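Residues in the sequence shown are numbered from 16 upward in steps of one, following the working numbering.
Here a beta-carbon is modelled for each residue, glycine too, at the ideal position from N, C-alpha and C.
Everything numeric in this text was worked out from a predicted model, so none of it was measured.
Shown next, in structure tokens, is the structure this report addresses.
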Amino acid sequence: MFIQSYKNTNSNQPSRGEKSSGAVLDTLAQLRKPLQNQPLQEGKKTLYKRARAKYISNALSLKLKDLHSDLEASYFRTYGCASLLIQEGDKLTGRYCNNRWCLVCNRIRTAKLIKGYIKPLQELQDPYFVTLTVPNVSGEDLRDEIKRMTAKFRQIKEAARKAQISLKGIRKIECTYNRDRKTFHPHFHLIVEGRGSAQHIVSSWLDKFPEATRDAQDLRPADDNSIYELFKYFTKINYKNGTEVEALDQIFVAMRGLRTFQPMGIKKVSEDIEDLVSE
Numbered sequence: 016m017f018i019q020s021y022k023n024t025n026s027n028q029p030s031r032g033e034k035s036s037g038a039v040l041d042t043l044a045q046l047r048k049p050l051q052n053q054p055l056q057e058g059k060k061t062l063y064k065r066a067r068a069k070y071i072s073n074a075l076s077l078k079l080k081d082l083h084s085d086l087e088a089s090y091f092r093t094y095g096c097a098s099l100l101i102q103e104g105d106k107l108t109g110r111y112c113n114n115r116w117c118l119v120c121n122r123i124r125t126a127k128l129i130k131g132y133i134k135p136l137q138e139l140q141d142p143y144f145v146t147l148t149v150p151n152v153s154g155e156d157l158r159d160e161i162k163r164m165t166a167k168f169r170q171i172k173e174a175a176r177k178a179q180i181s182l183k184g185i186r187k188i189e190c191t192y193n194r195d196r197k198t199f200h201p202h203f204h205l206i207v208e209g210r211g212s213a214q215h216i217v218s219s220w221l222d223k224f225p226e227a228t229r230d231a232q233d234l235r236p237a238d239d240n241s242i243y244e245l246f247k248y249f250t251k252i253n254y255k256n257g258t259e260v261e262a263l264d265q266i267f268v269a270m271r272g273l274r275t276f277q278p279m280g281i282k283k284v285s286e287d288i289e290d291l292v293s294e
């Protein structure tokens, strides 16, 4: 059998008082067979992908923890995320850290958000993919700039409502890092209904941010690929370079307690994943 069971205990096993009659599985043990070039069935491929995500997350979380930032305890919590899984028949459960930098949790979160939002987004009439940007900022100014962007967008929505302009869709924030300039680029991606609404948003954004340039904004017809792209990631995870680990920490600290997604006129789907999740 591909899955390896373990009887040793660890903090990710069910706590005292929880009932579990299933086998306890070590997540990282699932990396072993693929490295021996043995073909995998579909279900085992899923376990292997989870194990690979766990392996990368462990390396990243320890590098982030060593920075001793305000998120040190949360980074260490990720190291223990989904270390063990409970198998009961075809059902797998495990404890998850629910952190943005955790690739294991992000796989679950992305699937959950796509499942919850794809139908209402596909039902939009004449959908447009919009990108709203501002000039790059320093790490010290990043959180304030993200808050300013969010507040200004809220004003745009309120003004549109008063003008009886319907804004329907979803807004997501992303942030990238410029290694050469050592600056950060927070920006919004949106999928909205109607070209007119998309144009109104871009025009209003430029009014709110006169320092932004028209050429840096973008709107184009959306399709299913746009929807999947929207839920891809909040920031690209690259931890091999020490400078980028520090940059990732600055991004995560800046986004602490802030939401990544904001639906407009459609039902909200929580970004959180439950502490005990079945897959």
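Can you have a look at residue i and say buried or exposed, based on whether 16 or more other CB atoms are within 10 angstroms of its CB?
i      : result
Leu352 : Absent from the model: residue 352. The displayed extent of the chain is 16 to 294, so no value can be given.
Ser285 : exposed
His204 : buried
Ser219 : buried
Ser76  : buried
Gln232 : buried
Asp287 : exposed
Ser89  : buried
Arg298 : This structure leaves residue 298 out entirely; the chain is present only between 16 and 294.
Leu50  : Low local confidence applies: a pLDDT of 48 at Leu50 is under 50, so the model's placement there is unreliable, with the coordinate-based value given in what follows. Classification of Leu50: exposed, given that the 10 Å Cβ count is below 16.
Pro142 : buried
Ala97  : buried
Ala66  : buried
Ala213 : buried
Glu138 : exposed
Gln45  : Bear in mind that the predicted position of Gln45 carries a pLDDT of just 45, short of 50, making it unreliable; the figure below should be weighed with that in mind. Burial call: buried.
Compute the Euclidean distance between the alpha carbons of residue i and residue j, then round it to the nearest angstrom.
i      : j      : result
Pro278 : Ser241 : 16 Å
Ile71  : Leu118 : 8 Å
Gly109 : Arg169 : 37 Å
Phe308 : Gly95  : Past the edges of the chain, shown from 16 to 294, lies residue 308, and the structure says nothing about it.
Lys282 : Leu136 : 11 Å
Arg229 : Leu221 : 7 Å
Ala126 : Asp239 : 15 Å
Arg158 : His202 : 12 Å
Ile123 : Lys251 : 17 Å
Thr93  : Phe249 : 17 Å
Ala111 : Lys69  : Reading off the sequence shown, one finds Tyr at residue 111, where the question assumed Ala. So the two alpha carbons sit approximately 11 Å from each other.
Cys120 : Lys130 : 15 Å
Leu55  : Gly154 : The predicted model places Leu55 with a pLDDT of 48, which falls under 50 and marks its position as unreliable; any figure quoted below should be read in that light. Taking the straight line joining both Cα atoms gives about 43 Å.
Ala174 : Asn73  : 45 Å
Leu234 : Glu244 : 15 Å
Cys190 : Pro236 : 23 Å
Asp41  : Phe91  : Summary for Asp41: the model assigns pLDDT 44, below 50, so the residue's position carries little reliability; its value from the coordinates is reported in the next sentence. Approximately 18 Å between the Cα atoms of the pair.
Lys134 : Gly280 : 13 Å
Ile216 : Lys177 : 14 Å
Asp156 : Asp81  : 23 Å
Gly211 : Ser84  : 44 Å
Lys247 : Glu160 : 23 Å
Met164 : Lys197 : 20 Å
Asn113 : Lys64  : 18 Å
Pro150 : Tyr132 : 30 Å
Gln179 : Gln140 : 18 Å
If residue i sits next to residue j, beta carbons under 8 Å apart, how far is it from one beta carbon to the other, in whole angstroms?
i      : j      : result
Tyr192 : Ala269 : Wrong, their Cβ atoms sit about 11 Å apart, outside the cutoff.
Lys172 : Phe276 : 14 Å between Cβ atoms; not a contact.
Thr148 : Ala227 : 6 Å
Lys167 : Phe224 : 7 Å
Val260 : Phe199 : Actually they are not in contact, since the Cβ atoms of Val260 and Phe199 sit about 14 Å apart, beyond 8 Å.
Leu79  : Asp264 : 6 Å
Leu86  : Arg271 : 7 Å
Looking at residue i and the ligand SAH, is the gap between the Cβ and the nearest heavy atom below 8 Å?
i     : result
Lys80 : You won't find the ligand SAH in this model; it holds no ligand whatsoever.
Touching or not, the stretch 171 to 184 and the stretch 197 to 211, by the rule of three or more beta carbon pairs under 8 Å? yes
Which parts of the stretch 69 to 151 are runs of the alpha helix (DSSP H), unbroken and 4 residues or longer, counting only runs that do not cross its ends? 87 to 94, 118 to 137
Could I get the ranges of all uninterrupted alpha helix (DSSP H) runs contained in the stretch 196 to 280, with 4 residues as the minimum, in chain order? 210 to 223, 239 to 245, 257 to 269
List in chain order: all unbroken beta strand (DSSP E) runs of 3+ residues lying wholly within the stretch 151 to 189. none
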